[in-house]
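Letter by letter, the first sequence follows residues 10 to 229 of this note's numbering. Positions of the beta carbon are idealized from the N, C-alpha and C atoms, including for glycine. If you're wondering where the values come from, they're calculated on a predicted model, not measured in any experiment. To keep things clear, I will list the structure first and then write my remarks on it.
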Amino acid sequence: MKSSFSIDLLIQLLQKATLHAVPPMTLSISQAYPSNPYPILISCLLSLRAQDKVTLPVSLKLFSRAHTPEQMLLLSIEDIESIIRPVNYYKTKAALLHSVSADLLNRFAGKVPSSKDELMSIKGVGLKTTNLVLAEAFGIPAICVDVHVHRISNRLGIIATDTVEQTEQALQIVLPKKYWIEWNRLLVMLGQTMCTAQSPFCSKCPLVDVCDRFGVFKHR
DNA sequence: AAAACGGGGGC
DNA sequence: GCCCCAGTTTT
């Protein structure tokens, strides 16, 4: 990032840039199921290596049948498979939803835990899912590093990292804590629209004055 | 460190 | 039709 710009100004520009973008899936889910962390966790698992536009309608369809671990276990794995078929790895994910729901009942009284260690201890729940659940389901400041956050944080030049773990650590130092949750939302929205992995639409991006990679990268 | 785990969407 | 997308576990 060019030195004359602050993080606060960067956030303002990002808010403008993503004002009319489709919000991340977890926001839609939390509106449909207020203060219920379970649908957030399940939709995060469904969205692994998939895109929100595919996963969101499938998630809503699934939650109309089951939005608690108890209800999920009443469905057979075959039932879940048929509901979530449009998403990738649907057979693996149907089994995963079953095992995660059973684990929640066995170890956590059917409640989604709200600590990083407990979430990470659930098989199938990794670092990205853990941080997204902490932030979006519990409002706990967490930096959720998916490929968008990793790519764009580096592209902007505010950090220089190789792995998502390094990115999480670096952003904790660079970003004021009040922005930790919003950073993920903003960068996901920007990444899904203009700041794409290949040939990003830099000519339409309101961040050209800030971005270290403008002119370096092949863009449209 | 590298592989395996498959579906939809854009053009 | 072809190329793009995108975490976690396992080997």
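task = Report yes or no: do the stretch 117 to 135 and the stretch 163 to 179 share at least 3 C-beta pairs separated by less than 8 Å?
result = These segments do not touch.
request  = Out of M203, K120, R194 and K186, state which residue places its alpha-carbon closest to the alpha-carbon of I51.
outcome  = Of M203, K120, R194 and K186, the residue nearest in Cα terms is K120.
query = What is the DSSP secondary structure of C153, counted as helix, strand or coil?
reply = coil
ask   = Exposed or buried, what is I49 when buried is set at 16 or more other beta-carbons lying within 10 Å of its beta-carbon?
value = buried
ask   = What's the gap between the Cα of L19 and the Cα of K187?
value = 14 Å
key: Cutoff 7 Å; reference P185; Cβ partners in own chain excluding five residues on either side   = Hits under 7 Å: I16.
ask   = Does the beta-carbon of T64 have 16 or more other beta-carbons within 10 angstroms, so that it is buried, or is it exposed?
value = Taking all protein chains shown into account, T64 has 16 or more neighbouring C-beta atoms within 10 Å of its C-beta and is therefore buried.
Close Cβ partners of L106 (< 7 Å) along its chain, the five nearest in sequence each way excluded = I51, L54, M81 and I89
Beta carbon of G200 nearer than 9 Å to that of V154 = no
query = Roughly how many angstroms lie between the CA atoms of A103 and F72, to the nearest whole one?
reply = 13 Å
query = So, is S44 buried or exposed, given that buried needs 16 or more other C-beta atoms within 10 angstroms?
reply = exposed
inquiry  = Taking the alpha carbon of T139 as the reference point, which residue from F14, K25 and L57 has its own alpha carbon closest?
reply    = L57
key: Same chain only: Cβ atoms within 6 Å of K222, ignoring 5 sequence neighbours per side   = Reading the sequence as shown, one finds Arg at residue 222 and not Lys. Excluding positions up to five away in sequence, the list reads R164.
ask   = Sorted by chain position, which residues of the same chain lie with C-beta nearer than 7 Å to P78's C-beta, five sequence neighbours on each side aside?
value = Result list for P78: Y47, S110, L113, L114 and G119, in chain order.
query = Leaving out the 5 sequence neighbours to the left and right, which residues in its chain are closer than 8 Å to M34 when beta-carbon positions are compared?
reply = S52, S56, D61, T64, L65 and S68
ask   = Does the separation of the CB atoms of V183 and I168 fall below 9 Å?
value = yes
ask   = Can you give the beta carbon distance from Y42 to H76, rounded, assuming they're within the 8 Å contact cut?
value = 6 Å
request  = Taking all protein chains shown into account, decide if T101 is buried (16 or more other Cβ within 10 angstroms of its Cβ) or exposed.
outcome  = With fewer than 16 other CB atoms across the displayed protein chains lying within 10 angstroms of its CB, T101 is exposed.
key: Pairwise C-alpha distance: Q21 and S108   = Rounded to the nearest whole angstrom, the CA to CA distance from S108 to Q21 is 42 Å.
request  = Can you tell me which of the three DSSP states H159 falls into?
outcome  = helix
inquiry  = Quick check on DSSP: helix, strand or coil for T27?
reply    = Coil at T27, not helix or strand.
query = Got a sec? Which residues, its chain only, sit under 7 Å from L147 by beta carbon, not counting five neighbours each side?
reply = In the sequence as displayed, the identity of residue 147 is Phe instead of Leu. Excluding sequence neighbours, F147 sits near P46 and S123.
ask   = Is G200 helix, strand or coil by DSSP?
value = helix
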